[in-house]
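Chains A and B, in that order, give the protein sequences.
Position in the first sequence (from 1) plus 67 gives the number in our numbering.
Position in the second sequence (from 1) plus 6 gives the number in our numbering.
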Amino acid sequence: MDVQEAVAESTPAEAAQDKKDGLRRFTMGPNDSLEGKLTYDGHVHVDGHAEGELRVSGNIEVASGAKVKAFLEASNVTIKGDVEGTLNARDKLVLGKNAKMSGDVTVRRLQIEDGASLNGHVRMGDFEHQGSGG
Amino acid sequence: MSTRAPGARVPGKTADQPPPETPTTGHRGGITLGPRDRLIGELHIDGDVRLGGTVQGEIHATGDVEVDDEAKVNASLAGGDINIRGSVSGPVTARKRLVVARSGSLTGDVRVARLVIQDGATFSGNVSMGPQPDAFTPAPEPSPASAAPEPVAAAQAPDIAAERQPTRTDGKAKGKPKR
């Protein structure tokens, strides 16, 4: 049950409600790891290691130093670490200056800072399957 | 500013890759196409280019390429630093850095050393980045008509999808050890 334990360790931080928009927050620290499929109503902050699938109603933030190998779907995605996989941002994707992203990306808006690295296909436009999402 | 030295922003990089055909110092040729100018065809230029009007075909510059707000470019672009503020449709190769400004729009496959996309910009296409010491070696074309972009990242997509599948089943099997 080592995988589920890793998730449980990070639950204390989850309790914190975000003051700004009232959404819950799922926070992983640098020593946490998640393997599998997470569907979460709120924001997810990934540090450490994540592998699998993250579907999030709020935003995903991948911290610098984090390694993610997953399918990511969220409103806004901010990447400062390493990400490998397919990514859908219903609103905006930001690649920070040390970010490494490899995989196909579908976004509404895109911002790439100098120094970031991206390999993959970029598609911009509205999401058909999402309807009036934003 | 078209007069700045091309290596000024990356002093560490210029040392290990001396560009053979880029005049890094001294005069640099340069041309400007205004909003009412039009170019259809192929342009090879030793120096910088500034595009303001309508362009169709191919632009190869040893210096930088600047695409102004009102420009309509339907061409492949190759240069050192490439700055897009207008609308570009076609493959782009930047030996140094590609910037798509907030007013810019780019549709096409991109091979660059560094990439900046400002918020508000529009971009669709393949991006291939990374160590490419001589990205500018003008690809030996068998015939001028067949200038097809290489499907670099297209081959990556199935890889990733295939990798994800076994990962999940792995996790399930590992997560429940029998006692």
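Beta carbons: idealized from backbone N, C-alpha and C, even for Gly.
Straight-line gap, residue i to residue j (C-alpha atoms, nearest Å)
i      : j      : result
A/I179 : B/G47  : 32 Å
B/H66  : B/S109 : 23 Å
A/K159 : A/A117 : 21 Å
B/R42  : B/R117 : 29 Å
A/R176 : B/L83  : 24 Å
A/R92  : A/E140 : 16 Å
B/L45  : B/E76  : 15 Å
B/V122 : B/S111 : 13 Å
A/R157 : A/G192 : 9 Å
B/T38  : B/R56  : 5 Å
B/L104 : A/G125 : 31 Å
A/D181 : A/F138 : 24 Å
B/Q62  : A/V150 : 37 Å
B/P97  : A/T153 : 23 Å
A/M168 : A/D108 : 24 Å
A/S100 : B/G92  : 44 Å
A/G170 : A/N186 : 6 Å
B/Q81  : A/R122 : It should be noted that the sequence gives Ala, not Gln, for residue 81 of chain B. Answer to the nearest angstrom: the Cα atoms are 38 Å apart.
B/I88  : A/G89  : 42 Å
A/H110 : B/G69  : 44 Å
A/V161 : A/V144 : 6 Å
B/S129 : A/V174 : One detail in the question is off: residue 129 of chain B reads as Phe in this sequence, not Ser. The straight-line gap from Cα to Cα measures roughly 10 Å.
B/N132 : A/V172 : 10 Å
A/I146 : A/A183 : 9 Å
B/A119 : A/E128 : 25 Å
Those residues which DSSP pairs with residue i across a bridge
i      : result
B/R117 : B/T99, B/S134
A/K159 : A/R176
A/M95  : BP columns for A/M95 are empty, so no partner.
B/D87  : B/R103
B/R44  : B/T60
B/T128 : B/S111
A/T153 : DSSP, once it has assigned bridges, lists no residue as partnering A/T153.
A/K167 : A/D149, A/S184
B/T38  : B/R56
A/S131 : The partner list for A/S131 (beta bridge, DSSP) is empty, contrary to what the question assumes.
B/A67  : B/I51
B/A81  : B/G63
Environment of residue i [buried if 16+ CB atoms lie within 10 Å]
i      : result
A/G103 : buried
A/T106 : exposed
A/H188 : buried
A/K164 : exposed
A/P97  : exposed
B/H50  : exposed
A/G148 : buried
A/D114 : buried
B/D54  : buried
B/D125 : exposed
B/G85  : buried
B/G114 : buried
Endpoints, the beta strand (DSSP E) within which residue i is located
i      : result
A/Q178 : 172-179
B/G53  : 53-57
A/R190 : 184-191
A/L90  : Unbroken run through A/L90: none, as it is neither H nor E.
A/A137 : 134-141
A/A117 : 116-123
A/S100 : 100-107
A/T145 : 144-146
B/E72  : 71-73
### Query
Closer than 9 Å, Cβ to any Cβ of chain A: which residues of the region 79-101 of chain B, in chain order?
none
Under 8 Å (Cβ pairs) to chain A, residues found in the region 109-135 of chain B: R120, L121, V122, I123, Q124, D125, G126, A127, T128, F129, S130, G131, N132, V133, S134, M135
Please list, in chain order, the residues of the region 137-153 of chain A that have any C-beta partner in chain B closer than 8 Å. A137, F138, E151, G152, T153
* To do: Give, in chain order, every residue of the region 176-193 of chain A whose Cβ lies closer than 9 Å to some Cβ of chain B.
  => R176, L177, Q178, I179, E180, D181, G182, A183, S184, L185, N186, G187, H188, V189, R190, M191, G192
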